[in-house]
Amino acid sequence: MPEGDTVWLTARRLHSGLAGRVLSTFDMRVPALATADLRGATVIEVVARGKHLLTRLDDGHTLHSHLKLDGSWYLCRSGDHPRRHPDHMIRARLGNADWLATGYRVHDLRLVATSAESDLVGHLGPDLLGPDWDPDTAVTRLLSAPAAAIGEALLDQRNLAGIGNLYKCEVLFVEQVHPWTPVGDVSDLPRMVATAQRLMRTNRDHPEQSTTGLRARGQQHWVYQRSGEACLRCRSTIRRADQGSPPRQRSTYWCPTCQPARR
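See the structure below:
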């Protein structure tokens with residue numbers, strides 16, 4: 206699933222092509238919105254809220270979308286064929302005289318009143334890359350379930366919005382915390398939350414995601430998707446195991462030496 210920085214960058218690119226322009230194309234290819242037609246409305250802005258995308262229009266509507274595991278938005282010049290994926294994967298098209306935004310396999314497409322956005326995203330915790338970022342609130346929400354494993358708590362978007370599996374694993378490595386440590390036993394939650402925000406902010410302006418500061422293949426991440434390989438810090442073998450209950454379990458990667466389990 207795309208991380209919050211990927212969604213933030215997607216929102217910024219869509220905003221650059223759509224904001225301040227009148228829609229001449231509004232094509233929703235999902236049954237619930239098949240007859241919706243908002244051509245003539247002007248896009249005010251496109252913003253990210255955690256992993257959600259909100260396209261706000263001047264007629265009081267907001268188009269909501271979510272990338273989930275396989276969704277993407279592609280921006281091209283109006284009149285060009287995006288040729289990103291086969292046409293049968295298109296779920297939405299928004300366009301103006303200059304630009305066309307095509308949503309491939311985007312999920313949870315909903316059209317709501319802008320004043321009712323909270324019905325869709327009001328449950329989310331503070332957004333690590335948003336104007337509402339509040340580290341104290343994030344820590345408080347994490348501590349509301351002190352017995353929960355920190356690896357699962359970081360993925361709970363009700364605690365803090367935007368962290369995905371990549372940043373979960375990388376933040377825990379940087380902070381030298383074992384993924385199954387209870388939240389209440391983490392020695393410095395404020396520092397962990399600050400690390401998460403710092404890593405995501407560092408990567409938000411470009412599609413590459415490096416948590417090590419290196420760009421070489423195989424050296425971009427400390428532990429994520431490196432099961433069986435040597436730790437870049439201590440040379441121990443990186444481990445992997447599923448964490449969480451089905452169907453929400455995720456592959457978790459960690460170094461048993463740098464992130465020892467608490468006894």
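Everything in the sequence shown is counted per our numbering, starting at 206 for the first residue and increasing by one.
Just so it is clear, CB atoms sit at the ideal spot from N, CA and C, and this is done for glycine as well.
The structure presented is a predicted model; accordingly, all values stated were derived computationally and were not measured.
Contact between the region 369 to 388 and the region 457 to 466 is established, with three or more Cβ pairs separated by less than 8 Å.
For alanine 343, same chain residues with a beta-carbon under 7 Å away, outside a window of 5 residues either side, are Gly330, Pro331, Asn364, Leu365 and Val398 in chain order.
Arginine 218 is bridged by DSSP to nothing; it lacks a bridge partner.
The C-beta of proline 207 has 16 or more other C-beta atoms within 10 Å across all chains shown, which makes the residue buried. Within the same chain, Leu280 come within 7 Å of arginine 218 by CB-CB distance, once the 5 residues on both sides are set aside. Alanine 302 and arginine 310 have their C-alpha atoms spaced approximately 24 Å apart. In this structure, the alpha-carbon of arginine 438 lies about 53 Å from that of alanine 239. With a contact defined as Cβ atoms closer than 8 Å, histidine 257 and leucine 325 qualify at about 7 Å. Taking the Cα positions, alanine 253 is about 15 Å away from histidine 312.
In this structure, DSSP gives glutamine 381 a state outside helix and strand, which the three-state scheme calls coil. Annotation: the region 378 to 429 contains the following complete segments of the alpha helix (DSSP H) (minimum length 4 residues), in chain order: 394 to 408.
Within its own chain, the residues whose Cβ lies closer than 7 Å to the Cβ of glutamate 413, once the five positions on either side in sequence are excluded, are Arg420, listed in chain order. Threonine 319 carries a helical assignment under DSSP once its states are collapsed to helix, strand and coil.
Cβ-Cβ separation between alanine 306 and glycine 222: approximately 6 Å, consistent with a contact (criterion under 8 Å).
Bounds of any alpha helix (DSSP H) do not take in glycine 449, whose DSSP letter is neither H nor E. Threonine 416 is positioned such that its CB atom lies closer than 9 Å to that of tryptophan 427. According to the DSSP assignment, glutamate 208 belongs to no beta strand (DSSP E), since it is labelled neither H nor E.
In the structure shown, glutamate 434 adopts coil according to DSSP, grouped into three states. Contact between threonine 230 and arginine 298 holds: their C-beta atoms lie close to 5 Å from each other, under 8 Å. In the DSSP assignment, methionine 233 is bridged to Ala297.
Excluding the 5 residues flanking it on each side, leucine 359 has same chain C-beta neighbours closer than 6 Å at Ile368 and Lys373, in chain order.
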